[in-house]
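K.L.:
Quick note: the sequence shown uses our numbering, first residue 80, plus one each step. Before we start, here is the structure in question, set down as structure tokens.
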Amino acid sequence: METNEILDVSTEDNLTPVLPLRDVVVYPHMVIPLFVGREKSIEALDKAMQESKQILLVSQKEADLDDPHFDELHKVGTLANILQLLKLPDGTVKVLVEGEQRSQVKKYHELDGCIFAEISEINDLVPLADKELDVLVRAAVESFSRYVKLNSKIPPEVLNALSGIEEPGRLADTMAAHMSLKVVEKQELLEMADIVQRLEKLMLLMENEADLFALEKNIRVRVKQQMEKNQREYYLNEQMKAIQKELGEMDDAVSETEELEQKIAKAGMSKEAKEKADVELNKLKMMSPMSAEASVVRNYIDWMLNVPWKKKTKVRNDLKLAEEILDIDHYGLEKVKERILEYLAVQQRVKSLNGPILCLVGPPGVGKTSLGESIARATNRKYVRMALGGVRDEAEIRGHRRTYIGSMPGKILQSLSKIKVRNPLFLLDEIDKMAGEFRG
């Protein structure tokens, strides 16, 4: 017989076979089936069946260990009786056990390829003040009743079984066995010999679990309500589609909205613009294609799609070439050209230039407008000239509200839509000739 330690016969007779458990804690009076596959564990069951049919059930500290060392097993377990043992065709063993007694491990040994332990019984510590214990037991049962109502996995018959248990220790173990606790928490309860401490800890865990179940229930209710709302909207949309189909309006409307949806997805819009376009498209889907409002919404989406969201020209950053183009196109104007080149130089160094706008001032015919065209050619930008002479209303620049019949976007958006790039050179020409009136 191979052993890790020298044992005399008298000591060996007092050893109990050990069955290490993964993610399971067995309490006294708890009946549970276990599936055993490890060779050492099967050997321990065979040893137990040959002798007293008793085995010590001990939880591992780390569940993923296949061959746990003594230090990786807890020191408190449950001595259990083997009620039934069945060897399965795949080599594993199904065993039905019933917990009998809390047990303290004095020392672990390895004999004949399996683990044995020297153990001593752990008896429940019952306080002398019975009234206090009775109140605590009653409060624990009430907390467990609330817990059972919130947890659908526990059958209500468990409460009937509790009413027939008089021992406080057994009552606490039965409640702990039916709760969805972590292995660490279950092991902590198993190691508590003091019944008062065990019941108080159990009540604390039940209150925490009850709060979690209540929160989970509220979340499920909210999700269910949202699902019902979505299903109702889907049902109403399908009804509306069916009505539109009967009226002969459906096919064209669906193909149009699908086409717009694809265009919006491919347009490369900013996040805010895409959200707005999606909102407008959803409105359009809900409207009759022949309504006046649908025409306004469709026109708005078309203008959003006409804006060049991602197409732009590659800007040329060649100051020498820019100087040559300015000299070829314009004679003199040295200070003006120098200021323009300074502006272009700063723009090269600072990638995002916000704020400064070049303002060309001078009498008619000195080359203000043509300078703008030369700058565009020098930087390889598209050129947009917006004549502001005689403009009376700022809405012509910013755009009109959609509520007005025949409303259009402003000149800036119209120019962007026409030029088809997002980074042109804008020349606001004759800004001093914008008309004023009594409104300002």
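Each residue gets a CB set at the ideal place from its N, CA and C atoms; glycine is no exception. Since the model is a prediction, treat every value here as computed from it, not as a measurement.
1. Considering only C-alpha positions, which residue in the set P235, F149 and H108 is nearest to I244?
2. So if DSSP puts C193 in a beta bridge, which residue, or which two residues, is it bridged to?
3. Taking N385 as part of the alpha helix (DSSP H), name the residues at either end of that continuous run.
4. What are the start and end residues of the beta strand (DSSP E) that includes L269?
5. How about V463 and L506: are their beta carbons less than 8 Å apart?
6. Secondary structure at S182, three-state DSSP: helix, strand or coil?
7. Taking DSSP as the reference, what is the three-state secondary structure of E246?
8. Give a yes or no on contact between the stretch 179-189 and the stretch 207-226, applying the rule of three or more CB pairs nearer than 8 Å.
9. Checking 8 Å against the spacing of the C-beta atoms, do R395 and N316 come in under that value?
10. By the DSSP assignment, the alpha helix (DSSP H) with N361 in it spans what residues?
11. Taking C-alpha atoms, which residue in P234, D203 and E236 lies nearest to D252?
12. When you compare each of I484, A457 and G489 to D472 by their alpha carbons, which one comes out closest?
13. When the Cα atoms are used, what is the spatial distance from H479 to A352?
14. Is the stretch 394-412 touching the stretch 439-455 in the sense that three or more CB pairs, one from each, lie closer than 8 Å?
15. Leaving aside the five residues before and after N83 along the sequence, list all residues of the same chain whose C-beta is less than 7 Å from its C-beta, in chain order.
16. Among residues of its own chain, excluding the 5 on either side of F149, which ones have a beta-carbon nearer than 6 Å to its beta-carbon?
17. Under the rule that 16 or more other beta-carbon atoms within 10 Å means buried, what is G451, buried or exposed?
18. Closer than 8 Å, CB to CB, is L278 near chain B or not?
19. According to the neighbour-count rule (16 or more other Cβ atoms, all chains shown, within 10 Å of its Cβ), is R311 buried or exposed?
20. Below 8 Å on the Cβ atoms is my guess for Q266 versus S138; work out the distance and round it to an integer in Å.
21. Under a Cβ-count criterion, where at least 16 other Cβ atoms within 10 Å of its own Cβ denotes burial, should A256 be classed as buried or exposed?
22. In this structure, how does DSSP classify I274 when only helix, strand and coil are distinguished?
23. Whole-angstrom Cβ separation of L291 and L281, contact assumed at under 8 Å?
24. Evaluate the contact criterion for the stretch 497-512 versus the stretch 397-408: three or more CB pairs, one atom per stretch, below 8 Å.
25. Threshold first: 3 residues or longer. Then list the beta strand (DSSP E) segments lying entirely within the stretch 89-175, N to C.
26. Would you mind sorting L152 into buried or exposed? The rule is 16 or more other CB atoms within 10 Å of its CB.
27. Report the residue from C193, V214 and V262 whose alpha carbon sits nearest the alpha carbon of K140.
28. Does the distance from the C-beta atom of I198 to that of L158 stay below 8 Å?
29. Please report how far the alpha carbon of S242 lies from the alpha carbon of R101, in whole angstroms.
30. Given V103, which residues of its chain have a CB within under 7 Å of its CB, disregarding the five upstream and five downstream residues?
31. How long is the line joining the alpha carbons of C438 and S453, rounded to whole angstroms?
32. Count the other C-beta atoms from every protein chain shown that fall within 10 angstroms of the C-beta of M285, then say buried if there are 16 or more, exposed otherwise.
33. So for S35, helix, strand or coil by DSSP?
34. Alpha carbon to alpha carbon, how far is V300 from N160? Give it in angstroms, no decimals.
35. Spatial neighbours of K542 within its chain, please: CB distance less than 6 Å, with the 5 preceding and 5 following residues excluded, ordered by chain position.
36. Whose CA, out of L467, A371 and G156, lies closest to the CA of A272?
P.N.:
Straight from the coordinates:
1. Within the sequence shown, residue 244 is the residue found at index 165, counting from 1. Among P235, F149 and H108, the Cα nearest to that of I244 is on H108.
2. The count along the sequence shown starts at 1 and reaches residue 193 at position 114. Note: C193 sits in a beta bridge opposite L190.
3. Taking the sequence shown and counting its residues from 1, one reaches residue 385 at position 306. If you look at N385, you'll find it in the alpha helix (DSSP H) that goes A371 to N385.
4. The residue given as residue 269 occupies position 190 in the sequence shown. Where L269 is concerned, there is no enclosing beta strand (DSSP E), although the alpha helix (DSSP H) it sits in stretches over V262 to L269.
5. Counting from one through the sequence shown, the residue named residue 463 turns up at place 384. Counting from one through the sequence shown, the residue named residue 506 turns up at place 427. In terms of Cβ geometry, V463 and L506 form a close pair [threshold 8 Å].
6. Your numbering for residue 182 matches position 103 in the sequence shown. S182 falls in the strand class under three-state DSSP.
7. The sequence position of residue 246 within the sequence shown is 167, counting from 1. Three-state DSSP puts E246 in coil, outside helix and strand.
8. Verdict: no, contact absent.
9. Residue 395 sits at position 316 when you count from the first residue of the sequence shown. Residue 316 sits at position 237 when you count from the first residue of the sequence shown. Pairing R395 with N316 gives a Cβ-Cβ distance that is not under 8 Å.
10. Residue 361 sits at position 282 when you count from the first residue of the sequence shown. Counting along the chain, the alpha helix (DSSP H) containing N361 begins and ends at K350 to M365.
11. As a first step, residue 252 is located in the sequence shown; it is residue number 173 there, counting from the start. Looking at the Cα atoms, D203 is the closest of the given residues.
12. Residue numbering aside, residue 472 sits at position 393 when the sequence shown is read from its first letter. Ranking I484, A457 and G489 by Cα distance to D472 puts G489 first.
13. Numbered from its first residue, the sequence shown carries residue 479 at position 400. Numbered from its first residue, the sequence shown carries residue 352 at position 273. Roughly 18 Å separates the two Cα atoms.
14. Yes, the stretch 439-455 touches the stretch 394-412.
15. Working through the sequence shown from its first residue, we reach residue 83 at position 4. Because N83 carries a pLDDT of 36, less than 50, the predicted location of this residue cannot be relied on, and the following value inherits that uncertainty. Cβ contact annotation for N83 (same chain, cutoff 7 Å, sequence separation greater than five): H188 and E189, in chain order.
16. Residue numbering aside, residue 149 sits at position 70 when the sequence shown is read from its first letter. Excluding residues within five positions, the ones whose Cβ falls inside 6 Å are Y187.
17. Taking the sequence shown and counting its residues from 1, the one referred to as residue 451 is at position 372. Residue environment analysis places G451 among the buried positions, since at least 16 neighbouring C-beta atoms fall within 10 angstroms of its C-beta.
18. Looking at the structure shown, chain B is missing, and only one protein chain is on hand.
19. The residue given as residue 311 occupies position 232 in the sequence shown. Per the 10 Å Cβ criterion, exposed.
20. Counting from one through the sequence shown, the residue named residue 266 turns up at place 187. Counting from one through the sequence shown, the residue named residue 138 turns up at place 59. Contact between Q266 and S138 holds: their C-beta atoms lie close to 6 Å from each other, under 8 Å.
21. Taking the sequence shown and counting its residues from 1, the one referred to as residue 256 is at position 177. Counting the other Cβ atoms within 10 Å of the Cβ of A256 gives 16 or more, which makes it buried.
22. What you label residue 274 is simply residue 195 of the sequence shown in a count that begins at 1. Three-state result, I274: helix.
23. The residue you call residue 291 lines up with position 212 of the sequence shown. The residue you call residue 281 lines up with position 202 of the sequence shown. With a Cβ gap of about 16 Å, L291 and L281 do not count as contacting.
24. Flag = no, the stretch 497-512 and the stretch 397-408 do not touch.
25. Whole beta strand (DSSP E) segments, 3+ residues: 95-100, 110-115, 133-138 and 155-166.
26. Here residue 152 corresponds to residue number 73 of the sequence shown, with the count starting at 1. Burial of L152 is indicated by the presence of at least 16 other C-beta atoms within 10 angstroms of its C-beta.
27. Here residue 140 is taken as the residue at index 61 of the sequence shown, counted from 1. Of the listed residues, the one whose Cα sits closest to K140 is V262.
28. Here residue 198 refers to the residue found at position 119 when the sequence shown is read from its first residue. Here residue 158 refers to the residue found at position 79 when the sequence shown is read from its first residue. In contact: I198 and L158 (Cβ atoms closer than 8 Å).
29. Within the sequence shown, numbered from 1, the residue matching residue 242 stands at position 163. Within the sequence shown, numbered from 1, the residue matching residue 101 stands at position 22. About 31 Å.
30. The residue you call residue 103 lines up with position 24 of the sequence shown. Taken in chain order, the residues that qualify are S138.
31. Locating residue 438 in the sequence shown gives position 359, where the first residue counts as 1. Locating residue 453 in the sequence shown gives position 374, where the first residue counts as 1. Between C438 and S453, the C-alpha separation is close to 15 Å.
32. Start at 1 with the first residue of the sequence shown, and residue 285 comes out as number 206. Classification for M285: buried.
33. Nothing about residue 35 can be read from this structure; the chain reaches only from 80 to 519.
34. For the purposes of this step, residue 160 is taken as residue 81 along the sequence shown, with counting starting at 1. For the purposes of this step, residue 300 is taken as residue 221 along the sequence shown, with counting starting at 1. The C-alpha of V300 is placed about 45 Å away from the C-alpha of N160.
35. A query on residue 542 cannot be resolved here, the shown segment of the chain reaching from 80 to 519 and no further.
36. What you label residue 272 is simply residue 193 of the sequence shown in a count that begins at 1. Checking every option, the nearest Cα to that of A272 belongs to G156.
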